[in-house]
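A short write-up of the structure that comes next.
Here it is, written out as structure tokens:
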């Protein structure tokens, strides 16, 4: 007769949480808005001449697109008397116009015109501007607590550089405001074990690799699809052991790739903090086209996979919105290392109240550090 062996861990060096997290754990930064590129809008929602009010990173912002098509993002408040440019503001050529007294501001935040003054404009005032860009149909903003320049650029996505995949926009896009810190969303990359319970997978998933370098997190997860059945719409040739690839760049941009053995797909997500409690979760995905299909609307298995994944994503919301962050969670040996590695990595994106000589991504004089990619 065989006997099972049950090992009980105590609070000692043998305990995986104690070993990986230390006696005090890894706290969530009291400053809640990490450094990085973040999605603030779908680009198609901002036409030339449009002005849009936004609230991110605990601040009121204004987005506008100039007559030439350039997108700019500024702090929302006019530096004349404090009117919110996102409420009633307009675009005149390449400038945004305050609705109160007609003061005009350039995209870099400098004053362009005081329409009723003999001085023309004031050169000693400026609204804070944010580095911004359009990227695969999104408007991205660089957020850094002290206003320092970006030290990395968003990646090229090979799948979206060809016509082999359906477009990301507009048919797959989804936006949800969720009561969760963006770091909690990223922690999914270190947690394959929830898949069986939250997403009702027939078999447990396991981590195959997990590594962080610079501003990039890369993980692969082995997952079984098909549940032992001879065929399903997702696995028409029988069960598939698939490798799912996770890539995160800082805490704002995330990518999940599913292999061609299922439906070749890249998911593009954005986790953008609204305030200290809420995050806007932007979601899109592009799947490889059905044979012979040249249209923009996903069809066949690609359409089914899109509908499935949109529901799978929402299944996480309930947990996120009702959870409590534990500085020192009690973890099993299989999960402790990756969770701790992710949290230590995440901490580099929260600078202190004052710029520091050792802040990640910057040299001692505050310039972007090219070595950050490998740190």
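In the UniProt record's numbering, the protein residues as written are 1 to 375. Ideal Cβ placement from N, Cα and C applies to all residues, glycine included. Model, not experiment: these values are computed from the prediction.
Asked	Found
For the beta strand (DSSP E) that contains residue 17, what are its first and last residues?	No beta strand (DSSP E) holds residue 17; the alpha helix (DSSP H) holding it covers 16-21.
Quick check on the burial criterion: 16 or more other C-beta atoms within 10 angstroms. Buried or exposed for residue 256?	buried
Any chance you could list the alpha helix (DSSP H) runs of at least 4 consecutive residues sitting entirely within the segment 165-253, in chain order?	182-186, 195-198
For residue 334, count neighbouring Cβ atoms within 10 angstroms of its own Cβ and tell me buried if that reaches 16, exposed if not.	exposed
Skipping 5 residues on each side, what residues in its chain have a beta carbon closer than 6 Å to that of residue 361?	151, 369, 372
For residue 69, tell me which candidate among 103, 107, 98 has the shortest Cα-Cα distance.	107
So, are the CB atoms of residue 54 and residue 46 less than 8 Å apart?	no
Less than 8 Å between the beta carbons of residue 307 and residue 289, yes or no?	no
Could you check the C-alpha separation between residue 364 and residue 355 for me, to the nearest Å?	9 Å
Please state whether the Cβ-Cβ distance between residue 63 and residue 87 is less than 8 Å.	no
Less than 8 Å between C-beta atoms, sequence neighbours within five positions excluded: which residues of the same chain meet that for residue 387?	Since the first and last residues shown for the chain are 1 and 375, residue 387 lies out of range.
Exposed or buried, residue 287, counting other C-beta atoms within 10 Å across all chains shown (16 or more means buried)?	buried
Going by other Cβ atoms of all chains shown within 10 Å of its Cβ, with 16 needed for buried, is residue 229 buried or exposed?	exposed
Using only CA atoms, which one of 297, 146, 242 lies nearest to residue 31?	146
Should the segment 213-221 be called in touch with the segment 247-261, which here means at least 3 C-beta pairs below 8 Å?	yes
Check this for me: beta carbons of residue 199 and residue 312, under 8 Å apart or not?	yes
Ignoring anything shorter than 3 residues, give me the beta strand (DSSP E) runs that lie fully in the segment 263-322, in order along the chain.	265-273, 279-287
Between the C-alpha atoms of residue 192 and residue 336, what's the straight-line distance to the nearest angstrom?	12 Å
Please state the DSSP three-state secondary structure of residue 255.	strand
I'd like the span of the alpha helix (DSSP H) that includes residue 362, first residue to last.	Taken as a continuous stretch (DSSP letters only), residue 362 belongs to no alpha helix (DSSP H), as it is neither H nor E.
Please confirm whether residue 178 and residue 283 have their CB atoms less than 8 Å apart.	no
With residue 56 as the anchor, note down where its beta strand (DSSP E) starts and where it stops.	51-56
Would you call the CB atoms of residue 210 and residue 223 closer than 8 Å?	no
What three-state label does DSSP hand residue 349 in the structure shown?	helix
Helix, strand or coil for residue 329? Go by DSSP, reduced to three states.	coil
When the Cα atoms are used, what is the spatial distance from residue 359 to residue 351?	6 Å
Here's the rule: buried if 16 or more other CB atoms are within 10 angstroms of the residue's CB, otherwise exposed. What is residue 65?	buried
Which residue or residues does DSSP assign as beta-bridge partners of residue 75?	61
Look up residue 129 in the DSSP assignment and say whether it is helix, strand or coil.	strand
Whole-angstrom Cβ separation of residue 138 and residue 201, contact assumed at under 8 Å?	Their Cβ separation, rounded to whole angstroms, is 30 Å, which puts residue 138 and residue 201 out of contact at 8 Å.
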